[in-house]
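What follows is a short report on a single structure.
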Amino acid sequence: MAVLLIAHLVVQHLVLDHEADQTVIFHEDYSRAVADLRQLGIGPPCLIKGEQYIPIAFDAGCASAPDAATALAAGDHIAVLEYSGQYPPRYAARWVRHRLPGTGVLRPTAYLPAR
């Protein structure tokens with residue numbers, strides 16, 4: 246029984262280490278995405294929508310919402326994030342596409358309204 250308990254604890258420790266490492270990698274990507282968005286002029290007050298939008302919006306000091314069209318009417322800075330190879334929502338189809346080069350794992354593409 247003791248051997249099984251020790252084996253179980255070892256496996257759980259390996260899983261925990263892996264998950265913690267992945268969390269650190271994703272948080273570094275969130276910070277890099279925020280830095281890239283800042284270079285594109287996205288800063289508070291702003292709204293970020295799309296893939297991984299909640300943690301990136303939080304790090305950027307922006308709002309995150311499912312309805313980006315409302316933010317456009319309000320005049321906020323807005324960015325829609327999609328993974329590379331995916332298409333933006335219909336309302337953002339003609340927006341300017343920007344690859345966020347600082348990210349490693351996420352590799353999102355930001356779509357911003359033409360200014």
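Take the sequence shown: its position 87, counting from 1, is numbered 332 in my numbering, and each next residue is one higher.
Backbone N, C-alpha and C define an ideal beta-carbon position, used for all residues, glycine too.
1. Taking 7 Å as the limit between beta carbons, can you name the residues of its chain near P333, skipping five residues before and five after?
2. What I want to know is whether the C-beta of V325 ends up closer than 7 Å to one or more non-hydrogen atoms of the ligand NAP.
3. Tell me, which residues are paired with C307 by DSSP?
4. Rank H343, I323 and V269 by C-alpha distance to the C-alpha of G330 and give the top, closest one.
5. Could you check how far apart the C-beta atoms of Q297 and P353 are, in whole angstroms? I think they sit under 8 Å.
6. Note down the Cα distance separating R277 from V269, rounded to an integer number of angstroms.
7. Using the Cα positions of I299 and P289, report the straight-line distance between them to the nearest angstrom.
8. Thinking I287 and A310 are a contact (beta carbons under 8 Å), I'd like their distance in whole angstroms, please.
9. List the DSSP bridge partners of T354.
10. From L351, G349, V279 and P346, pick the residue whose C-alpha is nearest to that of I323; which is it?
11. Going by the DSSP bridge assignment, what does L249 pair with across the sheet?
Considering the structure as presented:
1. V325, E327, W340 and Y356
2. This structure lacks the ligand NAP; in fact it carries no ligand of any kind.
3. C307 is not bridged to any residue.
4. H343
5. 7 Å
6. C-alpha separation (whole angstroms): 12 Å.
7. 15 Å
8. At roughly 15 Å, the Cβ-Cβ gap does not stay under 8 Å, so I287 and A310 are not in contact.
9. E327 and R344
10. With distances taken between CA atoms, I323 lies nearest to V279 out of L351, G349, V279 and P346.
11. DSSP, once it has assigned bridges, lists no residue as partnering L249.
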